[in-house]
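Residue numbers (UniProt numbering): 1 to 219.
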């Protein structure tokens, strides 16, 4: 039987040598670990049906209520600042009462538009309002690409929140009895709210990917 030449190594020996080289090279080991971390962080697992979410638990009613209170505070503070500026400007002029009434109606309409745009924009882009980010959960659509709900579904969810509040908040208390903790608005929009640890936020996924890229390029 002919003995293999000195330049030839069987596949098993080649793999063993490669693993040994990686373990002996700290930079290569860190690069492999960073790539694995970035790949794990970039995955978003959303299952359909009644199965549990693969990556995190469904978010409860109290957490979501606190997040909504934070969002409402942000919306109100921004509106108060705008109203104060407009009122200060109008105080410099002699504005008729009818004009003041018309401005008040326009202001109320713009407030509704601002509040709706706030929720729809955040839900359809990152899945997290600032309140949800602070409370570490996000809104996803099982079965949708990357779990993104899109502007149309976000608007349906917002209208569902209004409907859920009408019968003495009964639509929200459905969260307590649903296996995936969905309220009326979640059912109408076909969405779920899931816990999102730091490693699952878009910013941290991008940060992990950049770190992995820098580590890979390092000598």
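Here a beta-carbon is modelled for each residue, glycine too, at the ideal position from N, C-alpha and C.
Please read all numbers here as calculations on a predicted model, not as lab measurements.
Would you decide whether residue 149 is buried or exposed? Buried here means 16 or more other CB atoms lie within 10 Å of its CB. By 1-based counting over the chain shown, the position of residue 149 is 149. Buried, by the Cβ-count rule.
Quick one: Cα of residue 137 to Cα of residue 197, how far? Translated into the one-based positions of the chain shown, residue 137 becomes position 137. Translated into the one-based positions of the chain shown, residue 197 becomes position 197. Straight-line Cα distance between these residues: approximately 8 Å.
Please report the Cβ distance between residue 190 and residue 141, rounded to the nearest whole angstrom; I am assuming they are in contact, meaning their Cβ atoms lie under 8 Å. Counted from its first residue, the chain shown places residue 190 at position 190. Counted from its first residue, the chain shown places residue 141 at position 141. Right, the Cβ-Cβ distance comes to about 6 Å (below 8 Å), so this counts as a contact.
How would you call residue 89, buried or exposed, if buried means at least 16 neighbouring beta carbons within 10 angstroms? Position 89 of the chain shown holds residue 89. Flag for residue 89 reads exposed.
To the nearest angstrom, how far is the alpha carbon of residue 169 from that of residue 93? Stepping through the chain shown from its first residue, residue 169 is reached at position 169. Stepping through the chain shown from its first residue, residue 93 is reached at position 93. One C-alpha to the other measures close to 44 Å.
Spatial neighbours of residue 184 within its chain, please: CB distance less than 7 Å, with the 5 preceding and 5 following residues excluded, ordered by chain position. What you label residue 184 is simply residue 184 of the chain shown in a count that begins at 1. So the qualifying residues of the chain are 160, 163, 164, 171 and 174.
Alpha helix (DSSP H) runs wholly inside the region 54-95, at least 4 long, in chain order: Segments of the alpha helix (DSSP H) lying fully in the region 54-95: 61-90.
Residue span of the alpha helix (DSSP H) that contains residue 166, given as start and end: The residue you call residue 166 lines up with position 166 of the chain shown. Run containing residue 166: none; DSSP gives neither H nor E here.
Hey, how far is the Cα of residue 154 from the Cα of residue 84? What you label residue 154 is simply residue 154 of the chain shown in a count that begins at 1. What you label residue 84 is simply residue 84 of the chain shown in a count that begins at 1. Roughly 30 Å separates the two Cα atoms.
Mind checking residue 186: buried by the 16 CB within 10 Å criterion, or exposed? The residue you call residue 186 lines up with position 186 of the chain shown. Result: buried.
Rounded separation between residue 195 and residue 66 - CA only: In the chain shown, residue 195 corresponds to position 195, counting from 1. In the chain shown, residue 66 corresponds to position 66, counting from 1. Cα to Cα, residue 195 sits roughly 14 Å from residue 66.
Sub-9 Å separation of residue 128 and residue 139 beta-carbons: Looking up residue 128 in the chain shown gives position 128. Looking up residue 139 in the chain shown gives position 139. Closer than 9 Å, so yes.
Could you check the C-alpha separation between residue 71 and residue 111 for me, to the nearest Å? As a working mapping, residue 71 is identified with position 71 in the chain shown. As a working mapping, residue 111 is identified with position 111 in the chain shown. Straight-line Cα distance between these residues: approximately 14 Å.
Where does residue 137 sit, in a helix, a strand or coil, going by DSSP? Within the chain shown, residue 137 is the residue found at index 137, counting from 1. Three-state DSSP puts residue 137 in a strand.
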